[in-house]
Every structure is written in C-alpha cells, then in structure tokens.
Ligand code: DGY
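Numbering (this note's numbering), first residue to last: 334 to 767.
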C-alpha cells in the first residue's frame with residue numbers, strides 16, 4: 334500500500350462516527366489540536382468528514398468561549414485517565430452537559446485550519462464558504478476567551494496553567510514551574526494512570542509529573558476552570574511562546590477570512606496588533622538567539638532551546654535576523670546527523686531522545702516548521718523537514734513521535750508512543766499533496 338492510501342486508511346479506522354480519535358486505547362476521545370490537524374488531512378479527500386470533525390469540536394465549546402482540550406463524546410471508554418468524571422466540567426455552568434469535556438484548552442490551531450479549507454476549495458465553493466461563515470464567529474469567541482480570561486496583564490499574550498494545555502506535556506520547559514508545586518502539602522485524590530499500561534512507560538511522563546498534572550487539574554476545578562483565582566493561585570502560570578505564536582497565526586488566518594468573505598472581525602485587529610507588538614520583547618532571547626517561553630509566576634524566561642521557539646516563524650513574527658539564527662540552528666542539527674526537528678536541545682543534559690516531549694520528533698510540529706521556513710525563504714531546509722518526516726514514517730510506521738538520532742533510527746523497527754496515529758497520517762497526506 335502506498336503511503337497516502339495507508340494514511341487515509343488510518344484516518345478511516347480512527348473515525349468514530351463524527352470525530353477522529355488520535356489513536357485507539359491511549360487517546361480514545363476527541364483532542365483539540367489533534368482534531369485540527371486531522372481536519373487538515375481529511376480536507377484533501379473527504380470534505381464532509383473534515384467539516385464534521387470541526388463541527389464536532391465546536392459542539393463542545395463552553396459559553397465563555399473556551400474550546401476544551403478533550404471532548405468525551407462517549408462515556409463507555411474506560412481506557413483513559415483522567416476521564417470526564419475526574420474533570421467534572423459541570424463545575425462551570427457554561428460547560429455543555431454533552432459532550433462532557435476537560436476544563437483546559439490546547440494550542441489554538443483552528444484559525445489556520447479553517448483558512449486552509451477555504452484555500453483548498455476556493456471562495457467560490459458555496460458549501461465551504463457557508464461552513465466557514467458558520468464556524469467563524471465561534472472561533473472568534475474562542476480567541477476572545479483567551480484574551481479575556483487568560484491575559485492577566487493585558488499584554489495580548491495569554492497564559493496557560495497546565496502543561497497539557499501546551500500540548501507538550503512533559504517538556505523540560507515545565508520542570509521548574511511544576512517544581513513550584515508543594516506536593517507535600519497537597520492532598521491528591523486517588524487515581525490510576527492508564528497510559529503506562531498502553532504505551533512503554535519509558536516513552537511517557539514520569540509518576541511525579543503526573544501527580545503535578547493532577548494537582549493543577551484540581552486547582553483549575555476549584556476555580557471552575559475560568560476564575561481569576563487561577564492567575565492568582567496557580568504555581569504553574571506560563572506564557573507559552575508556541576501557543577501565542579499559534580494564536581497569532583490563527584488570528585491572521587481569521588483576518589484573511591474576514592476580508593475575503595466580508596465578515597465582521599470585531600476586536601480581532603486590536604488583539605492581533607497588541608499580541609504582535611509584545612511578542613518579540615517577551616519571547617526573544619538575545620543570549621540564546623532563540624525564542625523562549627516565559628514563566629509568568631516567577632517572572633523569568635525559561636532559558637532552553639525548545640521546539641516551541643521555532644514556531645514564531647510559522648506565525649511570521651520573527652525578524653529576518655531572528656529567522657536566520659533559527660534556520661542555522663536547524664541546519665546544524667541536520668549536518669550533525671539528526672532528523673529534523675528534535676523537540677528539545679540535543680546538547681542539553683535534559684535531552685531524552687525517546688521520552689515524549691523531551692527530545693523526539695513530532696509530525697505536526699514538522700508541518701508547522703515546514704511552513705514557517707518556507708515563509709522566510711528557507712525552501713531547501715523546509716524540504717529537509719518535510720522529507721525527514723516522510724522518511725521516518727516509511728521506515729518506522731505511523732507512530733505518534735520518533736527517534737531523532739539517525740544512528741539510532743537504523744537500529745529501530747518502530748516509532749514511539751501510540752501507533753496508527755491520526756496526526757501523523759494527516760501530516761503525511763498534506764505533505765504529499767504539497
Ligand atoms: C495525555 O493524556 O497524555 C494527553 O497528552 C493529555 O492531553
């Protein structure tokens with residue numbers, strides 16, 4: 334079977350009557366940013382499903398505009414922790430009764446996903462135009478949520494209070510902010526992890542990290558997941574460079590859509606100017622020559638070269654000089670025998686080439702980085718990012734994430750984490766169509 338057919342088959346298998354699961358057992362529900370990337374891939378061969386996927390996601394939107402990180406469309410799946418009971422989204426009166434959801438969000442990818450649908454089908458396609466017009470105000474409301482509830486200092490740069498919101502759960506970025514949690518004094522509810530019996534424990538976050546994830550979940554719940562008490566009380570309060578870059582990219586997409594389809598973008602131009610004006614001064618680090626994430630609780634940058642720091646290229650918020658430093662960084666990794674793009678600085682003692690977000694390569698990240706590099710004219714490097722992912726999938730299968738060191742890959746027969754993974758399939762479909 335060729336790669337595209339195989340990828341389509343995976344998306345078909347993971348389709349659950351209205352939405353796509355990332356992978357069976359390990360992630361048996363609808364995940365926010367996974368779903369966005371899935372829609373990108375589906376759009377190439379099944380417009381109906383792509384639109385249904387997006388509609389399903391928005392069926393879980395809260396009245397305050399929040400678009401949750403997980404929607405539990407079914408209450409029969411028992412393989413996932415923390416499930417709907419544990420999250421108890423009902424603590425917030427604006428959370429829909431069905432589908433039940435988590436109480437946190439994830440990278441705001443749907444703006445650029447919606448734009449790609451319109452680009453693919455054209456502003457003459459009535460079905461797509463009507464669909465985009467219907468989703469547009471909902472998406473605007475989601476962005477408004479981020480600016481209203483998550484921007485305590487009114488900088489146009491929103492905060493997260495849980496590593497799961499960043500999508501990069503156990504990145505070394507979070508070690509220190511998570512370390513600020515006093516677990517000794519915390520009474521954690523009893524819980525049993527499911528992930529380590531479904532995937533290799535050495536490829537997953539540690540038990541100590543999970544205890545801290547549960548602590549923050551409980552803190553969010555105490556403040557009905559949107560209260561001002563979160564910004565006051567959470568030991569983990571971070572302005573993530575990647576999420577803010579993605580928001581800016583999605584804002585731009587919404588502005589493009591608004592101008593093409595003559596829609597009212599409300600306060601979006603204002604939000605976007607503020608975010609763009611403050612982005613570089615908050616996130617660029619002149620010593621590392623890299624964009625870094627900011628620990629808002631401790632008022633200090635988190636000084637690591639981490640994959641989220643490459644995403645500002647995708648948002649177009651890097652200067653040419655900044656983009657050059659980042660392109661040189663990637664070129665150097667390529668020259669040293671790494672597949673692109675490792676999720677963490679390979680020269681750091683914290684680099685771990687197989688443990689989730691502490692080193693491995695992630696398909697959807699390659700997708701955003703590819704587009705970022707192209708935007709700044711680094712076409713050859715972008716091509717390496719694209720073909721590296723294709724090569725890894727050809728060699729190791731449609732896994733969730735991959736080994737970065739070429740010398741190690743030659744000895745491996747599979748990737749890491751979950752298999753038959755939806756965003757891997759989607760990224761491949763889109764890459765092979767670009
Ligand atoms: C998990 O369960 O590992 C997810 O990444 C949380 O969203």
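For each residue, glycine too, the CB sits at the ideal point set by N, CA and C.
### Query
From 750, 652, 508 and 413, pick the residue whose C-alpha is nearest to that of residue 609; which is it?
652
### Query
Is residue 420 near the ligand DGY, with its Cβ less than 6 angstroms from a heavy atom?
no
### Message
Taking 6 angstroms as the cut-off, is the beta-carbon of residue 329 closer than that to any non-hydrogen atom of the ligand DGY?
### Response
With the chain covering 334 to 767 only, the question about residue 329 has no answer from this structure.
### Task
Give every residue of the same chain whose Cβ lies closer than 6 angstroms to the Cβ of residue 577, excluding the five residues on either side of it in the sequence, and list them in chain order.
490
### Message
Can you confirm whether the segment 754 to 764 touches the segment 343 to 355 when touching is taken to mean that 3 or more C-beta pairs between the two stretches lie within less than 8 angstroms?
### Response
yes
### Message
Rounded to the nearest angstrom, what separates residue 740 and residue 681 at their Cα positions?
### Response
19 angstroms
### Message
Counting beta carbon pairs with one atom in the segment 485 to 500 and one in the segment 519 to 531, are three or more of them shorter than 8 angstroms?
### Response
no
### Query
Excluding the five sequence neighbours on either side, which residues of its own chain have a C-beta within less than 7 angstroms of the C-beta of residue 629, listed in chain order?
492, 570, 571 and 572
### Task
Verify whether the separation of the beta carbon atoms of residue 747 and residue 729 is less than 7 angstroms.
yes
### Message
Going by DSSP, what residue range makes up the alpha helix (DSSP H) through residue 661?
### Response
653 to 668
### Task
Identify whether residue 395 lies in helix, strand or coil by the three-state DSSP scheme.
coil
### Message
On the DSSP letters alone, give me the boundaries of the beta strand (DSSP E) that residue 749 sits inside.
### Response
Element bounds for residue 749: n/a, residue is neither H nor E.
### Task
Please report how far the alpha carbon of residue 664 lies from the alpha carbon of residue 557, in whole angstroms.
45 angstroms
### Query
Which residues bound the beta strand (DSSP E) around residue 300?
Examination of residue 300 is not possible in this model, given that the chain is present from 334 through 767 alone.
### Message
On the CB-based measure, 16 or more other CB atoms within 10 Å of its CB, does residue 456 come out buried or exposed?
### Response
exposed
### Task
Look at residue 453 and residue 376 and say whether their C-beta atoms are less than 7 angstroms apart.
yes
### Task
My understanding is that residue 506 touches residue 626, with C-beta atoms under 8 angstroms, so please give their C-beta distance in whole angstroms.
5 angstroms
### Query
With which residues is residue 626 paired in a DSSP beta bridge?
635
### Query
If you draw a straight line from the C-alpha of residue 687 to the C-alpha of residue 587, how long is it?
36 angstroms
### Task
Kindly indicate which residue of 513, 347 and 339 has the alpha-carbon position closest to the one of residue 544.
513
### Endpoints, the beta strand (DSSP E) within which residue 404 is located
403 to 405
### Task
List the endpoints of the continuous alpha helix (DSSP H) containing residue 576.
574 to 594
### Message
Looking at the strands, I want to know which residues DSSP matches up with residue 738.
### Response
671
### Query
Can at least three beta-carbon pairs, one atom from the segment 528 to 541 and one from the segment 549 to 569, be found at a separation below 8 angstroms?
no
### Task
Grab me the residues of residue 443's own chain with a C-beta within less than 6 angstroms of its C-beta, minus the 5 sequence neighbours each way, in chain order.
369 and 472
#### Entry: Cβ neighbour criterion (16 or more within 10 Å) applied to residue 565
exposed
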